[in-house]
Amino acid sequence: MNKIGFNVLAWTAAVSDDLFPILDRLKGIGYDGAEFYLGPQESAAYQRVGNYTKDIGLETTAVMTLGADENPVSESVEVRQRALDKIKWAVDRAHDLNAKIICGPFHSAHTVFVNRPALEQEYALVGEVLHAAADYAAQANITFALEALNRFECYLCNTMEQLLKLVKATDHPNVRAMFDTHHSNIEEKKYAAALQTIAPVLAHVHISENDRGTPGDGQVLWDDAFSSLAAIKYQGWLTIEAFSRNDPDFANAIGVWREFSDPWDIAENGYKFIREMSLKHGL
């Protein structure tokens with residue numbers, strides 16, 4: 001079976017020793033790995049968490065975002081350089097965690113918009129930044145799994161067609177793609193067509209309900225999603241990404257204004273759901 005992961009953003013965006021009991025319980029449920037947000041903590045905190053996960057038998061992946069002052073699609077050379085520097089910093093922190101994948105929408109600044117659709121030259125600008133960052137990531141054997149977001153969070157890359165264009169513009173073996181069931185539920189016509197489009201470069205999958213609560217409790221067409229993943233013979237991570245208001249600063253930043261599901265309900269029932277759906281569809 002594919003490895004199953006859980007993103008600890010359901011509790012907190014911070015990487016610290018406070019996560020140890022959470023990681024212990026995730027391991028007890030049966031998870032293969034945990035995913036961490038690459039925030040402003042120092043290297044030592046990442047190293048401690050990375051060592052702890054390794055000691056208890058969990059693997060790690062990482063996720064990151066960028067802000068307006070570090071936007072790879074900016075017209076400003078200085079801003080694009082800050083984006084490159086931030087991504088390199090994130091590579092170092094992922095390495096501290098022993099993570100081999102950094103996923104997320106770090107092709108552009110989160111919720112920063114312009115008054116027009118994306119331009120072809122913007123894909124080229126982003127490609128240059130990500131190519132240079134991927135050269136750095138390759139030294140640590142880290143792969144970027146870029147994420148398309150819905151139209152309310154991003155203008156550059158909403159669909160798998162756009163995401164494939166971006167990966168091709170970057171033209172680097174360490175730059176690949178991620179599929180997120182939440183965003184695709186909003187932007188794609190059919191899961192099957194979207195996954196067939198991105199299959200050649202797909203490196204990571206987020207399992208996320210339409211309301212960001214417990215997978216299987218909402219409106220996502222899960223049979224379509226899992227059967228389509230099986231059809232393309234996907235063999236990577238199936239990582240649950242769900243949110244809560246446990247970390248108010250992070251919740252406010254991503255527009256989470258209410259509780260969707262209790263984090264442990266998501267973790268426990270979500271794990272069972274992924275196992276059942278994977279078995280049902282031969283994934």
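All residue numbers for the sequence shown refer to UniProt numbering, where the first residue is 1 and numbers rise by one.
Just so you know, even glycine gets a beta-carbon here, dropped at the ideal spot from N, CA and C.
Reference Ser108; option with closest CA among Asn98, Ala132, Glu153, Thr60: Glu153
Beta-carbon gap between Ile87 and Ala133 smaller than 8 Å: yes
Cβ pair Ala242, Arg212 closer than 8 Å: yes
Ala137 versus Val91 - alpha carbon distance: Going by C-alpha positions, Ala137 is about 6 Å away from Val91.
Collapsed DSSP secondary structure at Phe20 in the structure displayed: Of the three classes helix, strand and coil, the one that applies to Phe20 here is helix, per DSSP.
Neighbourhood of Asp96 by C-beta distance below 7 Å, restricted to the same chain and skipping five residues each side: So the qualifying residues of the chain are Ser43, Tyr46, Gln47, Gly50.
8 Å Cβ cutoff met for Thr60 and Ala99: The answer is yes: Cβ separation under 8 Å.
Close Cβ partners of residue 287 (< 7 Å) along its chain, the five nearest in sequence each way excluded: The requested residue 287 is not part of the displayed model; the chain covers only 1 to 283.
Rounded C-alpha distance that separates Ile232 from Arg151: Distance from the CA atom of Ile232 to the CA atom of Arg151, rounded to whole angstroms, is 26 Å.
Reduced DSSP secondary structure (H/G/I, E/B, other) of Tyr123: helix
Buried versus exposed call for Val77 [16 or more other C-beta atoms within 10 Å across all chains shown]: exposed
Span separating the alpha-carbon of Ile240 from that of Gly33: So the two alpha carbons sit approximately 11 Å from each other.
Three-state secondary structure assigned by DSSP to Ala145: strand
Beta strand (DSSP E) segments (min. 3 residues) lying fully within the region 56–106: Runs of the beta strand (DSSP E) inside the region 56–106: 59–63, 101–104.
Close beta carbons around Glu259, own chain, < 8 Å, minus the five adjacent residues each side: Same-chain partners within the cutoff: Ser244, Arg245.
Host alpha helix (DSSP H) of His281 (start-end): 263–281
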